[in-house]
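So the structure is just underneath, and the comments pick up after that.
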Amino acid sequence: FIMQSSESVISVCFNSSLLKYGGDIAVGAMTILTSVMQFAMLPLNGISQGSQPILSYNYGAGNSERVRKTFKLLLAVCLTYSFLLWGLIELFPQGFARMFALIGFTAHALRIYCAVLCLFGIQMSCQMAFVSIGSALCSISVAVVRKFVLLLPLIYIMPTFVADKTMGVYMAEPVADVIAITFT
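Residue numbers (this note's numbering): 7 to 190.
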């Protein structure tokens, strides 16, 4: 519930800032960026949730070696997927933008918004591992830090540091992600 609520709040903040700095085109591009980000999030979520029963069972059984092996495999698979998708986005942003519209503007914004997607597998793996070993509070804490403590303020702060205010809003996502992954 908290995660879904945070997504709604973040969307409102992104859209209001983008409307202020970039108008309708920037808001439309954000819709596309969010859709492309789902290409990353949904499979990473599925992979991470699929590992949860294995991690939980072995943690409960006291088989710490198997927990470590499973987590390392989870981390490797999530990082591989996020690096591959990140590479495709960085090399061919027009291909992803063509799936929707607003190709010119969106291709550049997509590169910025997804700049550290390659590392997001770490965040997802760790959050799910925390849940799997009974540390749901730790998992929700790192998620809340990423969304509310970092991303929300950065949506409003980043435009003050760059000439292109619209791109500053898009830059909030990768900056928040780097700090959140380090925190996690």
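For every residue, glycine included, the Cβ atom is placed at its ideal position computed from N, Cα and C.
Excluding the 5 residues flanking residue i on each side, which residues of the same chain have their C-beta closer than 6 Å to its C-beta?
i	result
residue 172	27, 28, 32
residue 77	135
residue 122	180, 183, 184
residue 164	174, 177, 178
When we look at the beta-carbon of residue i and count the other beta-carbons within 10 Å, is it buried (16 or more) or exposed?
i	result
residue 30	exposed
residue 143	exposed
residue 186	buried
residue 189	exposed
residue 131	buried
residue 41	exposed
residue 70	exposed
Output yes or no for whether 9 Å exceeds the beta carbon distance between residue i and residue j.
i	j	result
residue 46	residue 91	yes
residue 192	residue 133	Residue 192 falls outside the range modelled here, since the chain spans only 7 to 190, and no answer is possible.
residue 85	residue 127	yes
residue 112	residue 38	yes
residue 155	residue 129	no
residue 14	residue 50	no
Please report the Cβ distance between residue i and residue j, rounded to the nearest whole angstrom; I am assuming they are in contact, meaning their Cβ atoms lie under 8 Å.
i	j	result
residue 36	residue 24	5 Å
residue 19	residue 158	6 Å
Report all residues from its chain with a CB closer than 8 Å to the CB of residue i; omit the five preceding and five following residues, and keep chain order.
i	result
residue 65	73, 138, 139, 140
residue 168	174, 177
Grab me the residues of residue i's own chain with a C-beta within less than 7 Å of its C-beta, minus the 5 sequence neighbours each way, in chain order.
i	result
residue 153	12, 16
residue 96	117
residue 145	133, 136, 137
Inter-stretch contact at 8 Å, needing at least 3 Cβ pairs: the region 114–128 / the region 80–100: Cβ pair count under 8 Å is three or more, so yes.
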